Amino acid sequence: MRPRSTEFVHALLGSALFLGLGLFVLAEAEGFSRRGAMLPLVVGYGMVGGALVLLAQAWLRRARPDDDERNDGSLPRRWALILTLVAWVGLMPYLGFIVSGTLGFLAAALIVPREERWTARAVVLHALVGLAASLAVYALFAGFLNVPLPKGRWW
Numbered sequence: 451m452r453p454r455s456t457e458f459v460h461a462l463l464g465s466a467l468f469l470g471l472g473l474f475v476l477a478e479a480e481g482f483s484r485r486g487a488m489l490p491l492v493v494g495y496g497m498v499g500g501a502l503v504l505l506a507q508a509w510l511r512r513a514r515p516d517d518d519e520r521n522d523g524s525l526p527r528r529w530a531l532i533l534t535l536v537a538w539v540g541l542m543p544y545l546g547f548i549v550s551g552t553l554g555f556l557a558a559a560l561i562v563p564r565e566e567r568w569t570a571r572a573v574v575l576h577a578l579v580g581l582a583a584s585l586a587v588y589a590l591f592a593g594f595l596n597v598p599l600p601k602g603r604w605w
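Quick note: the sequence shown uses our numbering, first residue 451, plus one each step.
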């Protein structure tokens, strides 16, 4: 386990990198047309916001006493999540963005550890949340940002 000060420095460097890159993207978007600047603006503001959240988390974590019981996660779960993302991208041209996104969300939810046992109701609720998230992302990218997304066989 790394000392807390090292974790803080890593988070500080990571947030500074994201903040700088986000500000660069925002500055570059100034030269784009109004319609062409939409995606860079969303990405730039997202990077700046993410950098600020990372910095706040690092600052708050630094103030807490050390947690000797910290769980660094499971390597098989990490690999399962990577394979899930690869499958999601691979299935997208065939199933479409919304169907593959919903299945990918559900698979990722099943991989993440959970206190309660999985029930049919919990699986259905997670699938519905995945569908809602996929529809929202589709609306954002295809409708607002004009990014073409794969339709696939089942949309």
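Glycine included, each C-beta is placed from N, C-alpha and C at the ideal position. Source: prediction; values computed, not measured.
For residue i, the three-state DSSP class (helix, strand or coil)
i    : result
G593 : helix
E480 : coil
A487 : coil
P543 : helix
F524 : The amino acid at residue 524 is misidentified as Phe; the sequence shows Ser. Here S524 sits in coil by DSSP.
R603 : coil
Residue range of the alpha helix (DSSP H) that includes residue i
i    : result
W568 : No alpha helix (DSSP H) contains W568, which DSSP labels as neither H nor E.
Residue i vs residue j beta-carbon contact at 8 Å
i    : j    : result
L549 : G593 : Residue 549 is actually Val in this sequence, not Leu. No; because the gap between Cβ atoms is not below 8 Å, this pair is not in contact.
M497 : G472 : yes
F458 : R512 : yes
G580 : T552 : yes
L462 : L505 : yes
G494 : A479 : yes
L590 : F547 : no
I561 : L585 : no
R484 : N596 : no
L469 : A501 : yes
L510 : L491 : no
Taking contact to mean 3 or more Cβ pairs, one atom from each stretch, closer than 8 Å, check whether the segment 555–564 and the segment 576–591 are in contact.
yes
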